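Numbering (UniProt numbering), first residue to last: 1 to 677.
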Amino acid sequence: MASDTSGSNMDREMILADFQACTGIDNIAEAIALLELNNWDLVAAINGVIPQENGILQSSFPSEASQANLFGPHSQPAAEAAAATAAAAPPSSSSSSSSPPPSSSSSSSSAFCPILPSRHIIERQPRMLNFRVEYRQRSVEVVLEEASTVGEMKQILETELQVPVSKMQLKGWKSGDVSDSTVLRSLHLPKNNSLYVLTPDIAPTASTSQNSSLQESLNQNYLLVISHSEAQRDYSLNFPGSRTIQEVKRNVSDLTNIPVRHQQWEGWPASANDDSVTLAASGIRYPCHHLSVCRRVSPANTREQFEECTDVHMVSDSEGDDFEDASEFGVDEAEMFGMGTSACRKSPMMPENTENEGDALLHFTAEFSTRYGDCHPVFFIGSLEAASQEAFFGKARDRKLLAIYLHNDESVLTNVFCSQMMCAESIVSYLSQNFITWAWDVTKEANKARLLTMCTRHFGSVVAQTIRTYKTDQFPLLLIVMGKRASNEVLNVIQGNTTVDELMMRLMGAMEIFTAQQQEDIKDEDEREAREMVKREQDEAYRLSLEADRKKREAQEREEAEQVRLEQIRKEQEEEREAIRLSLEQALPPEPEEESGQSVSKLRIRTPSGEFLERRFLGSCKLQVLFDFVASKGYPWDEFKLLTTFPRRNITQMDPAWTLLEAKLFPQETLFLEAKE
Numbered sequence: 001m002a003s004d005t006s007g008s009n010m011d012r013e014m015i016l017a018d019f020q021a022c023t024g025i026d027n028i029a030e031a032i033a034l035l036e037l038n039n040w041d042l043v044a045a046i047n048g049v050i051p052q053e054n055g056i057l058q059s060s061f062p063s064e065a066s067q068a069n070l071f072g073p074h075s076q077p078a079a080e081a082a083a084a085t086a087a088a089a090p091p092s093s094s095s096s097s098s099s100p101p102p103s104s105s106s107s108s109s110s111a112f113c114p115i116l117p118s119r120h121i122i123e124r125q126p127r128m129l130n131f132r133v134e135y136r137q138r139s140v141e142v143v144l145e146e147a148s149t150v151g152e153m154k155q156i157l158e159t160e161l162q163v164p165v166s167k168m169q170l171k172g173w174k175s176g177d178v179s180d181s182t183v184l185r186s187l188h189l190p191k192n193n194s195l196y197v198l199t200p201d202i203a204p205t206a207s208t209s210q211n212s213s214l215q216e217s218l219n220q221n222y223l224l225v226i227s228h229s230e231a232q233r234d235y236s237l238n239f240p241g242s243r244t245i246q247e248v249k250r251n252v253s254d255l256t257n258i259p260v261r262h263q264q265w266e267g268w269p270a271s272a273n274d275d276s277v278t279l280a281a282s283g284i285r286y287p288c289h290h291l292s293v294c295r296r297v298s299p300a301n302t303r304e305q306f307e308e309c310t311d312v313h314m315v316s317d318s319e320g321d322d323f324e325d326a327s328e329f330g331v332d333e334a335e336m337f338g339m340g341t342s343a344c345r346k347s348p349m350m351p352e353n354t355e356n357e358g359d360a361l362l363h364f365t366a367e368f369s370t371r372y373g374d375c376h377p378v379f380f381i382g383s384l385e386a387a388s389q390e391a392f393f394g395k396a397r398d399r400k401l402l403a404i405y406l407h408n409d410e411s412v413l414t415n416v417f418c419s420q421m422m423c424a425e426s427i428v429s430y431l432s433q434n435f436i437t438w439a440w441d442v443t444k445e446a447n448k449a450r451l452l453t454m455c456t457r458h459f460g461s462v463v464a465q466t467i468r469t470y471k472t473d474q475f476p477l478l479l480i481v482m483g484k485r486a487s488n489e490v491l492n493v494i495q496g497n498t499t500v501d502e503l504m505m506r507l508m509g510a511m512e513i514f515t516a517q518q519q520e521d522i523k524d525e526d527e528r529e530a531r532e533m534v535k536r537e538q539d540e541a542y543r544l545s546l547e548a549d550r551k552k553r554e555a556q557e558r559e560e561a562e563q564v565r566l567e568q569i570r571k572e573q574e575e576e577r578e579a580i581r582l583s584l585e586q587a588l589p590p591e592p593e594e595e596s597g598q599s600v601s602k603l604r605i606r607t608p609s610g611e612f613l614e615r616r617f618l619g620s621c622k623l624q625v626l627f628d629f630v631a632s633k634g635y636p637w638d639e640f641k642l643l644t645t646f647p648r649r650n651i652t653q654m655d656p657a658w659t660l661l662e663a664k665l666f667p668q669e670t671l672f673l674e675a676k677e
């Protein structure tokens, strides 16, 4: 009788281990309760937990050889025990074998259970993922293996939607934007997913504009007021319309510690019967919708489950062969019981005694991303002084609050604060928009001492003393610092034992104080800039006036100098002309007498002013003598023409060597002077 009881306990222990390995449920009491509900039928229990996800199918009893091959050469006792379990199973358990298998469209999970009872096997088929992709007024269903890439999905959508891959943005991934080379398996997606396509470079047509309300709903933010009846508190959470109901439930699970499969909801519309539906298409009210959640009550008695769980542990410890350590199932013991400390981590957040603060922050950011994912605040890379300059010393409109995150791996609150608070999308978005976030790791005493020195230098000894007063179990800390004219002020110190809502409220409270101060600073800065602008305008006007006076004075001086120069030139020219005239006058031959007995020509010349010049010349005189006579009177022959009256002839064009007789200016002639053109 005792041996039968021992064998039955060992068989149930194996079924329990297989069930936990396949479903990933670490809570032994919960796993035992689920198996009890299904009369310890492994397949029925697994399909009840993850229906149509893992594709676990029943098969006929395999041969002993196939059992040995399945369990491996070192698992023959386990196979025999499994066969004994199948033979001793109660009749009611056979009813589960007649349950219909999952649909053909369902594929097995990518995770493979290493140990299975002999009467159940897992088909290692490729897991298929269903995607509903929305684009403007269209909705496309896509089914892909999880080994496919995002780029392959975009190629399918290019054919269906007639949208080039280069202009396509595929949104709705729970992990944020992904690259085309990302493998779907690495995203750990559920079987059913909802995505949407954005094409900002392609203008919508007239037909698509009629259905633009759906696209607008996807871009809107919905406020979900969720009442947790057991904790008697409300959560106000903002989600974009593209978020699915499944993603909302996962976020609520992080806040309430209620697994999604145990959540019982009230308030969802009747159309929200599919968790893959987006909030925009679920029919909830905009902009605010009220919901309530609680833990689904299990029919099994909790105390009996705990006692049976204790018995299973005792049997496992006594046997010592099949259930020795949680590490056999790939679960770290410290992580299983939620007691992970810095000793469990391989790499510190920040190396000790780093000379360059920028290098230390780069290491901190990389380690933070490795531990908690890429969705986290953008940490400022640089010294605390540089972060203060960036936050406080720009224009008043560009200034921000400084959030100093102090990390301590030795605090039990650190893991929860980082994963659920610092990585919450609402917190990340709010910090990125309104804060300069600077981080430091104070786990090591040397790094903590360095931080206190920096705080004393930049914020004074009060801030450093405040940090000293906090104990290790009160970390991590988030210091909110505001820059002021005289000195910097710490508005708030947020400890690690807070919630997302409380953290957001305190950040918003600090932001209100900062905004009020910022408005005053902006007003003062605008007034100062207005005064400086008026002064600059006055200085500019005065400068322009001086410049105009200077230019006017210089122009006047130039004009006077030009007049003096021209007057000097004119005088020089007149003097030169006078000298030439006198020389010509002196060189003229004497005027012959009228009755000298020689041929004398009497010439009468009218000037442009109307006066007449009269003189007698010998008939043998050259025309040059006539030209010199006219020039000696102030009419040079290169500026004036000497013309006869009738017939009109231009004497200045004749050869100066001709005589007056040859020029037919004998015995007398009347000529007139005319200025050359």
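We put the CB at the ideal spot given by N, CA and C, even for glycine.
Since the model is a prediction, treat every value here as computed from it, not as a measurement.
Residue i vs residue j beta-carbon contact at 8 Å
i, j, result
"V165", "K174", "no"
"P476", "L401", "no"
"I202", "V163", "yes"
"V416", "C375", "no"
"M349", "D473", "no"
"G358", "G382", "yes"
"V630", "I605", "yes"
"E576", "R615", "no"
"F364", "F379", "yes"
"T437", "A403", "yes"
"I467", "L478", "no"
Identity of the residue in the options nearest residue i by Cα
i, options, result
"D254", "S419, R127, E355", "S419"
"D399", "Q433, R553, E591", "Residue 399 is actually Arg in this sequence, not Asp. Here the closest residue by C-alpha is Q433."
"F393", "S487, V297, R553, D655", "S487"
"P667", "L643, Q624, L613, L603", "L603"
"F640", "H290, T456, F646, F627", "F627"
"A439", "M504, E512, A360, F417", "A360"
"Y196", "E355, F131, T256", "F131"
"S620", "P589, R565, P269", "P589"
"V500", "M421, A231, E578, A44", "M421"
"L144", "L362, M128, R136", "M128"
"S194", "L384, R649, D275, V378", "D275"
"V600", "E669, D409, E576", "E669"
"T256", "I494, L362, R296", "R296"
"residue 684", "D524, Q538, L665", "In the structure as shown, the chain begins at 1 and stops at 677. Residue 684 is therefore absent and cannot be evaluated."
"K664", "I513, K622, E674, P636", "K622"
Residue i, buried or exposed, once every other Cβ within 10 Å from all chains shown has been counted against 16
i, result
"H407", "buried"
"E367", "buried"
"A555", "exposed"
"K535", "exposed"
"E134", "buried"
"G496", "buried"
"L42", "buried"
"A391", "buried"
"E146", "buried"
"G151", "exposed"
"Y542", "exposed"
Cβ neighbours of residue i in the same chain (closer than 8 Å, five flanking residues each side left out)
i, result
"T149", "D180, S181, T182, V183, L184"
"K633", "R581, T607, L613"
"L187", "W173, K174, S175, V178"
"L16", "I28, A31, I32, L35, V312"
"A231", "T256"
"E158", "P164, V165, M168"
Chain-order list of residues whose beta-carbon lies under 6 Å from that of residue i (same chain, five-residue window excluded)
i, result
"S227", "D234, S292"
"L452", "A464"
Own chain, CB closer than 7 Å to residue i, minus 5 neighbours either side, in chain order
i, result
"V463", "C455, V490"
"K676", "E639, F640, K641"
"P190", "Q246"
"S217", "G241, A280"
Check whether the stretch 592-606 touches the stretch 538-556, taking contact to mean three or more Cβ pairs, one atom from each stretch, closer than 8 Å.
no
Whether or not the stretch 216-234 and the stretch 281-295 are in contact is what I'm after, with contact meaning three or more pairs of Cβ atoms, one per stretch, closer than 8 Å; do they touch?
yes
Pair every Cβ in the stretch 424-442 with every Cβ in the stretch 516-536, then say whether three or more of these pairs are closer than 8 Å.
no
I'd like to know if the stretch 243-261 and the stretch 275-282 are in contact, where contact means that at least 3 CB-CB pairs between them fall below 8 Å.
yes
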